[in-house]
Amino acid sequence: MARVTVEDCIKKIPNRFDLVVAAAQRSREISNGMPIEVERDNDKNPVVSLREIASDAVDHETLEDRFIKSMQKNIIREEANIEDDVSLEDEFAAYLNETKKEPTSNNDFMMNNNKIDDESSFEDISQTLLNDED
6 MARVTVEDCI
16 KKIPNRFDLV
26 VAAAQRSREI
36 SNGMPIEVER
46 DNDKNPVVSL
56 REIASDAVDH
66 ETLEDRFIKS
76 MQKNIIREEA
86 NIEDDVSLED
96 EFAAYLNETK
106 KEPTSNNDFM
116 MNNNKIDDES
126 SFEDISQTLL
136 NDED
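Quick note on our numbering: the sequence shown kicks off at 6 and runs consecutively.
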């Protein structure tokens, strides 16, 4: 990367961390096939993305928004799906009512109450017995 390119970008995006995030996002977009806004000049994608940021060919805020959307795991759904949510709530309530009717037995949860008598188990002994062994 040319030092001049980074110094030009710092004027556009003063925070170096934000600059790195924006340039990396734009570089990923170029790698995925988005069109380049400046001439490539035989440069690699990170350098091209920095040159685009320096020349204001791409907007920093839209790059940041696209980065945030790419990292989101839960996509916010539209309000049109509220009716579907209500039906899911009804289904869940019906499921809960069905499970309340079914009696649960404690036989499903067996515990081993047998005492293990092997050499690896511990046994409390008195202090006098310890003193006698010494």
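Just so it is clear, CB atoms sit at the ideal spot from N, CA and C, and this is done for glycine as well.
Bear in mind that the values here come from a model prediction, so they are computed numbers and not experimental data.
Report yes if the C-beta distance between residue i and residue j is below 8 Å; otherwise report no.
{"i": "C14", "j": "A59", "result": "yes"}
{"i": "A28", "j": "L55", "result": "yes"}
Quick check on the burial criterion: 16 or more other C-beta atoms within 10 angstroms. Buried or exposed for residue i?
{"i": "E128", "result": "exposed"}
{"i": "E34", "result": "buried"}
{"i": "A18", "result": "It should be pointed out that residue 18 corresponds to Ile in this sequence rather than to Ala. Burial call: buried."}
{"i": "E57", "result": "buried"}
{"i": "T67", "result": "exposed"}
Output the distance between the C-alpha atoms of residue i and residue j, rounded to the nearest integer angstrom.
{"i": "N37", "j": "K74", "result": "16 Å"}
{"i": "A99", "j": "R71", "result": "41 Å"}
{"i": "E20", "j": "E44", "result": "Residue identity differs from the one stated: residue 20 is Asn in this sequence, not Glu. Between N20 and E44, the C-alpha separation is close to 26 Å."}
{"i": "S32", "j": "D23", "result": "14 Å"}
{"i": "F97", "j": "T10", "result": "57 Å"}
What span of residues does the alpha helix (DSSP H) with residue i cover, start to end?
{"i": "D129", "result": "Careful: D129 lies outside any alpha helix (DSSP H) and carries neither H nor E."}
- Length-filtered (4 minimum) alpha helix (DSSP H) runs lying within the stretch 35-78: 50-59, 65-76
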